[in-house]
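Q: Pasting a structure here, questions to come.
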Amino acid sequence: WTDLAQRKNDPRQGHHRPQLIEPLKTWDFFRGDVVEVMVGKDKGKQGNIAAYIRELNAVFVSGLNLVNIKNFSY
């Protein structure tokens with residue numbers, strides 16, 4: 208075994224399995240709706256829904272919790 212393979216397959220590391228998320232049966236949110244964040248760093252702030260992923264029960268709120276990504280288009 209190589210050093211890297213031993214570290215990746217070490218049973219003491221506790222491999223994290225992805226959590227299975229059951230999609231909501233009724234989806235009452237649409238793009239442009241004003242929502243309030245209930246959990247996290249931006250708790251209590253309001254914003255508009257920019258996009259959503261039904262399979263993950265995820266909603267992207269415009270203007271909140273943004274990360275700057277450098278664009279290297281030369």
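In this note's numbering, the protein residues as written are 208 to 281.
A virtual CB, placed ideally from N, CA and C, is assigned to each residue, including glycine.
Keep in mind it's a predicted model, so treat the numbers as computed, not measured.
1) Do you know offhand how far Val244's Cα is from Phe267's?
2) Only counting the same chain, and skipping five residues up and downstream in sequence, which positions put a Cβ closer than 7 Å to that of Pro230?
3) Using DSSP bridges, identify the partner residues of Glu243.
4) For Phe237, collect the residues of the same chain with a Cβ closer than 8 Å to its Cβ; drop the 5 residues on either side in sequence, then sort them by chain order.
5) With a Cβ-Cβ cutoff of 9 Å, do Gln253 and Val242 count as a contact?
6) Leaving aside the five residues before and after Gly239 along the sequence, list all residues of the same chain whose C-beta is less than 8 Å from its C-beta, in chain order.
A: The short version:
1) Cα atoms of Val244 and Phe267: separation of roughly 11 Å, rounded to the nearest angstrom.
2) Excluding sequence positions up to five before and after Pro230, its CB lies within less than 7 Å of the CB of Arg261, Glu262, Asn264, all in the same chain and listed in chain order.
3) Glu243 pairs with Gln253.
4) These residues qualify, in order along the chain: Ile256.
5) The Cβ atoms of Gln253 and Val242 sit closer than 9 Å to each other.
6) Residues Asn255, Ile256 of the same chain have their beta carbon placed closer than 8 Å to that of Gly239, with the five preceding and five following residues left out of the count.
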